[in-house]
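Listed in order, the protein sequences are those of chains A and B.
Quick note: the first sequence uses our numbering, first residue 70, plus one each step.
Quick note: the second sequence uses our numbering, first residue 748, plus one each step.
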Amino acid sequence: MIELTALTKRYGGFTAVDAIDLTVPKGELFGFLGPNGAGKTTTLRMIAGILQPSGGTVRIAGIDIAADPIAAKAKLGFIPDRPFIYEKLTGAEFLRFVAGLYDQGGNAVERRMTELLALFDLLHWKDELVESYSHGMRQKLIISSAFLHRPEVIVVDEPMVGLDPKAAKVLKDLFREYTRRGHTIMMSTHTLEVAQSLCDRVAIIQGGKIRACGTMTELRAHAAAGEEGLEDIFLRLTGDNAARAVVEVLDA
Amino acid sequence: MPEAARREDPALSGDGARESLALVSALPRVPLLHLLRPKWLTARVRARGGERGRGARIALLGITGVLFWAFVLVVVFRLLLYFRRVPDIGPLLAGKLLGIIFVSFFSILLLSNIITALSSFFVARDLDLLVSAPVDWLRLYGAKLLETAVHSSWMVVLMAVPIFVAYGVAYEGGLWFPLVALATFIPFLLIPAVVGSAITLLLVRVFPARRTRDILSVIAVLAAGGLVLLFRMVRPEQLARPEGFRSLVDFIAVLKTPTSPLLPSEWVQRAVMSSLLGIPDVLPYYLLWSTAAAFVVLGALLHRSLYTTGFTKAQESSERWARGTHLKRLAMAVLAPLGTVRRELVMKETRVFFRDTTQWSQLILLGVLVIVYVFNIKFLPLRGEGVTFFLVNVIPFLNLVLAGFVLASIAARFIFPGVSLEGRTMWLLKSSPLRMRELLWAKFWIGTLPLLLLALGIVFVTNALLQVTPFMMYVSLFTITLMTFALAGLALALGTLFPQFETENAAQIPTSFGGLVYMMGAIALIGAVVVLEARPVYGYVSARAFGGVADPLEMIIGFGLAAALCIGTLVGSVTIAIRRLQAVEL
Chain A
70 MIELTALTKR YGGFTAVDAI DLTVPKGELF GFLGPNGAGK TTTLRMIAGI
120 LQPSGGTVRI AGIDIAADPI AAKAKLGFIP DRPFIYEKLT GAEFLRFVAG
170 LYDQGGNAVE RRMTELLALF DLLHWKDELV ESYSHGMRQK LIISSAFLHR
220 PEVIVVDEPM VGLDPKAAKV LKDLFREYTR RGHTIMMSTH TLEVAQSLCD
270 RVAIIQGGKI RACGTMTELR AHAAAGEEGL EDIFLRLTGD NAARAVVEVL
320 DA
Chain B
748 MPEAARREDP ALSGDGARES LALVSALPRV PLLHLLRPKW LTARVRARGG
798 ERGRGARIAL LGITGVLFWA FVLVVVFRLL LYFRRVPDIG PLLAGKLLGI
848 IFVSFFSILL LSNIITALSS FFVARDLDLL VSAPVDWLRL YGAKLLETAV
898 HSSWMVVLMA VPIFVAYGVA YEGGLWFPLV ALATFIPFLL IPAVVGSAIT
948 LLLVRVFPAR RTRDILSVIA VLAAGGLVLL FRMVRPEQLA RPEGFRSLVD
998 FIAVLKTPTS PLLPSEWVQR AVMSSLLGIP DVLPYYLLWS TAAAFVVLGA
1048 LLHRSLYTTG FTKAQESSER WARGTHLKRL AMAVLAPLGT VRRELVMKET
1098 RVFFRDTTQW SQLILLGVLV IVYVFNIKFL PLRGEGVTFF LVNVIPFLNL
1148 VLAGFVLASI AARFIFPGVS LEGRTMWLLK SSPLRMRELL WAKFWIGTLP
1198 LLLLALGIVF VTNALLQVTP FMMYVSLFTI TLMTFALAGL ALALGTLFPQ
1248 FETENAAQIP TSFGGLVYMM GAIALIGAVV VLEARPVYGY VSARAFGGVA
1298 DPLEMIIGFG LAAALCIGTL VGSVTIAIRR LQAVEL
């Protein structure tokens, strides 16, 4: 379970995240949408304990991350949008290192590692240095590392970027199955089809504030959008006039 | 291009040859400086950056720079004044000194350019953009050559300014002298940049750039060999012992003989000295500029024929790694008592360190540095007439200062960059339940234990070579142990306070502002420890030399304060570093 209360992040005079309140209950796959620069990554990085909030609180599985960061982070797995990892470790060494950070090791970790690497078609690459991995392979390795210690909560920033169709399908199935087993996943994405088909609920953030939050039905009602899909609701709520701008740019 | 314009353009409506020619001329002509604009803008933003404590940093840097310049200026100027008073051989000695300085500069520039060219020509992040853009090979070469030259030469330029000023003032070079200095120094900087870039280009043809371990090890060996060769070429021992020559004529003959007539350093020396002594000589200018121009042309031609293949090879993946199960099992067993978190941290640090070629190659250079240091101690003339018991005991004490400097520079290379190198992976550490204290202590011990072994080894061997008394041996080993812990703690703390999270090259981290602050702090610490221990050591040596008993209270206070300073530095440094790392946001 993730609970955000009046969560705020300011950079000097600029407010990136503006007092947002959000609860993602246990067993839910929650989508976090918004245009570029809306505050999605900042919010997710505050939940992951990488950024310190300027105000408000983050609770992971009932634990306040500011009060007891180690206990809260032990319940969390984070998948960032940019797959920066140790270039000079092999895939297997990286996974063992991550397991070690969660104080896990031994045969159980080796077995889990093999399962996850096999799931993402990385088993044959496990003894190669990460520097020889493609962007997608790195992303798959980081995703594997987040599932390694079976966290209660997973926070994912743009999970589909760089993944091949098969890996994307595996990931979607994995997310769905993981939440079905009582874990919580919060993910940001720009792929609205993924959010629409996968997420139980969706929040749309813009200018650091939550514009709308709910199931697809609730969002449609909020945006007075009839039977429109998530893309139309998103554009309507974020006031985007992209379609008109494209024509203008091409005609110019 | 609109259809109407296409019809009106005769170049596009002619035959095939004319068409292709016109297409070439229609390609965008990107000015060379435009390619360097992002670098310039980045540097400007960095210079203007409004982060906390920036004013203090600039002030500190400014004061340090001015003090350093003043120091070099005064030392060289006094030496030149002394040379001026020596008839006949004075100017020869001044020229020889300049030659030695510039041979050193040339070798530093060459090595620095080889290493920098690897990054700027083959692995820099902007290359994908530049190579995929319609930028012709010549402009790309020019831009990258300039970038390489600037990155590699700025330190040498800063060093050269007070030296040129000292020569200009001591020999009354007049208002034209700055122009002479510029006219000689610009081609002098350009030549090693071209040669260094060309060597890198050839090396990358042999090895893929990302397997830089091989390349850099070749470079390091070349550098080590070059250093020895350079030392032999300069033959400094002959100059230091004029009594070794049969006559003054022989000595003058040696001074007059060009040290290395084919090196640009010799041409700079000749140009500068001829200008200062009022003996017009245009040949060195001609040699410098024509060589620089010819080298740029040759370098460009080499670049045209080899760069595309080299750049492609640079994109190739690295070598595969064996599983090393035996070694892994052994390490796991040895480190098991540390617990899972610390064991994995230690193993990660060790693997990353030994697989990072920029770190690895520096080990060779440090090995050379240590060997040179030990051999210099070995050949110190500490026996014979005029060498007192007092001197024999003071030299080992001063040896501690030198050993401290060696350790500080090693800590700057290997411990200082530790936190910076975590920059891009900090998301993982910060989002995991890892205590930053654990991370820092792991980095501390991994850096400190080898450093301590090296420190004890150096001090023990050099003291044995100096045949010191048991007392001095104990004092030295005690002091160097304390100093090692304090210097390592300081390196870790300042590396955390002044991180370089975005750097592409670990070797560049110690030369940052934080690295400078660390070296200054380290010098202050070494100085303070030596000052605190000087009194009890002096008391003991005097008592031994002149009879009597050393005051035990003096010893307890002196050594106690030195120990307290080192332990305090260590604890304070690590505490500050932990707090800073906990607050870091990326």
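Beta carbons: idealized from backbone N, C-alpha and C, even for Gly.
Values in this document were obtained by computation on a predicted structure and should not be read as measured data.
Sub-8 Å separation of residue i and residue j beta-carbons
i	j	result
Leu-1199 of chain B	Ala-1233 of chain B	no
Gly-146 of chain A	Ala-75 of chain A	no
Ile-28 of chain A	Leu-240 of chain A	Nothing in the structure corresponds to residue 28 of chain A, since chain A is present only between 70 and 321.
Pro-152 of chain A	Arg-207 of chain A	yes
Gly-1170 of chain B	Phe-1100 of chain B	no
Tyr-715 of chain B	Leu-1023 of chain B	Residue 715 of chain B falls outside the range modelled here, since chain B spans only 748 to 1333, and no answer is possible.
Pro-104 of chain A	Gln-275 of chain A	yes
Ser-1178 of chain B	Ala-272 of chain A	no
Ala-1061 of chain B	Phe-869 of chain B	yes
Pro-234 of chain A	Thr-258 of chain A	no
Pro-785 of chain B	Asp-873 of chain B	yes
Val-1206 of chain B	Ile-1227 of chain B	yes
Ile-1124 of chain B	Thr-1209 of chain B	yes
Met-256 of chain A	Gly-100 of chain A	yes
Leu-747 of chain B	Leu-1279 of chain B	Outside the shown range of chain B, which is 748 to 1333, sits residue 747 of chain B, and nothing can be said about it.
Leu-1168 of chain B	Leu-1176 of chain B	no
Arg-1098 of chain B	Lys-157 of chain A	yes
Between the CA atoms of residue j and residue i - distance to the nearest angstrom
i	j	result
Leu-232 of chain A	Pro-1011 of chain B	54 Å
Tyr-888 of chain B	Pro-1008 of chain B	29 Å
Pro-220 of chain A	Phe-1163 of chain B	34 Å
Arg-245 of chain A	Ile-129 of chain A	20 Å
Gly-1274 of chain B	Ala-1240 of chain B	19 Å
Ser-767 of chain B	Ala-907 of chain B	Legend: pLDDT at Ser-767 of chain B = 47, less than 50; position of this residue unreliable, no value from coordinates given.
Leu-820 of chain B	Ile-805 of chain B	22 Å
Ala-987 of chain B	Gly-846 of chain B	Confidence at Ala-987 of chain B is low in this model, with a pLDDT of 49, below 50, so the placement of that residue is unreliable and no value is reported for it.
Asn-1146 of chain B	Cys-1313 of chain B	18 Å
Asp-137 of chain A	Val-127 of chain A	11 Å
Leu-783 of chain B	Pro-939 of chain B	20 Å
Leu-826 of chain B	Ala-841 of chain B	8 Å
Leu-936 of chain B	Ala-896 of chain B	7 Å
Ala-1069 of chain B	Leu-877 of chain B	Model confidence at Ala-1069 of chain B stands at a pLDDT of 49, short of 50, so the residue's coordinates are unreliable and nothing is read from them.
Leu-73 of chain A	Thr-92 of chain A	6 Å
Ala-1254 of chain B	Ala-1150 of chain B	22 Å
Ser-1320 of chain B	Gly-1236 of chain B	6 Å
Met-182 of chain A	Gly-1057 of chain B	37 Å
Val-224 of chain A	Glu-300 of chain A	23 Å
Boundaries of the beta strand (DSSP E) in which residue i is found, first to last residue
i	result
Arg-79 of chain A	71–80
Asp-196 of chain A	Run containing Asp-196 of chain A: none; DSSP gives neither H nor E here.
Ile-129 of chain A	124–129
Range of the contiguous alpha helix (DSSP H) that encloses residue i
i	result
Lys-786 of chain B	779–795
Ser-1052 of chain B	1030–1061
Phe-83 of chain A	Per DSSP, Phe-83 of chain A belongs to no alpha helix (DSSP H); it is in the beta strand (DSSP E), 83–93.
Gly-308 of chain A	Where Gly-308 of chain A is concerned, there is no enclosing alpha helix (DSSP H), given that its DSSP letter is neither H nor E.
Val-870 of chain B	Taken as a continuous stretch (DSSP letters only), Val-870 of chain B belongs to no alpha helix (DSSP H), as it is neither H nor E.
Gly-842 of chain B	836–864
Phe-1248 of chain B	Neither: Phe-1248 of chain B is in no alpha helix (DSSP H) and is coded neither H nor E.
Val-1019 of chain B	1011–1023
Arg-1291 of chain B	1260–1293
Residues bridged to residue i [DSSP beta-bridge criterion]
i	result
Gly-100 of chain A	A:Met-256 and A:Val-271
Lys-278 of chain A	A:Gln-275
Phe-147 of chain A	A:Val-224
Ile-132 of chain A	A:Ile-129
Thr-159 of chain A	A:Leu-198
- Item | Within 8 Å of chain B by C-beta, residues of the region 165–197 of chain A in sequence order | Residues Arg-165, Phe-166, Val-167, Ala-168, Gly-169, Leu-170, Tyr-171, Asp-172, Gln-173, Gly-174, Asp-196 and Glu-197.
- Message: Short of 8 Å Cβ to Cβ, which residues in the region 98–127 of chain A face chain B?
- Response: Arg-114, Ala-117, Gly-118, Ile-119, Leu-120 and Gln-121
- Task: Closer than 8 Å, Cβ to Cβ, to anything on chain A: give me those residues from the region 1072–1093 of chain B, in chain order.
- Result: Gly-1086, Thr-1087, Val-1088, Arg-1090, Glu-1091 and Leu-1092
- Taking Cβ-Cβ distances below 7 Å as the criterion, which residues of the region 130–146 of chain A are in contact with chain B? Ile-139, Lys-142, Ala-143 and Leu-145
- Message: Short of 8 Å Cβ to Cβ, which residues in the region 1165–1199 of chain B face chain A?
- Response: Arg-1171, Thr-1172, Met-1173, Trp-1174, Leu-1175, Leu-1176, Lys-1177, Ser-1178, Ser-1179, Pro-1180, Leu-1181 and Arg-1182
- Message: Closer than 7 Å between beta carbons: that is the criterion. Which residues of the region 202–223 of chain A meet it against chain B?
- Response: none
- Using a Cβ-Cβ cut-off of less than 9 Å, give me the residues of the region 922–944 of chain B that come near chain A, in sequence order. Legend: CB atoms of the region 922–944 of chain B lying less than 9 Å from CB atoms of chain A are not found in any residue.
- Return the residues of the region 1007–1028 of chain B that lie within a Cβ-Cβ distance of less than 7 Å from chain A, sorted by chain order. none
- Query: Mind listing which residues of the region 267–301 of chain A have their C-beta closer than 7 Å to chain B's C-betas, in chain order?
  - Reply: none
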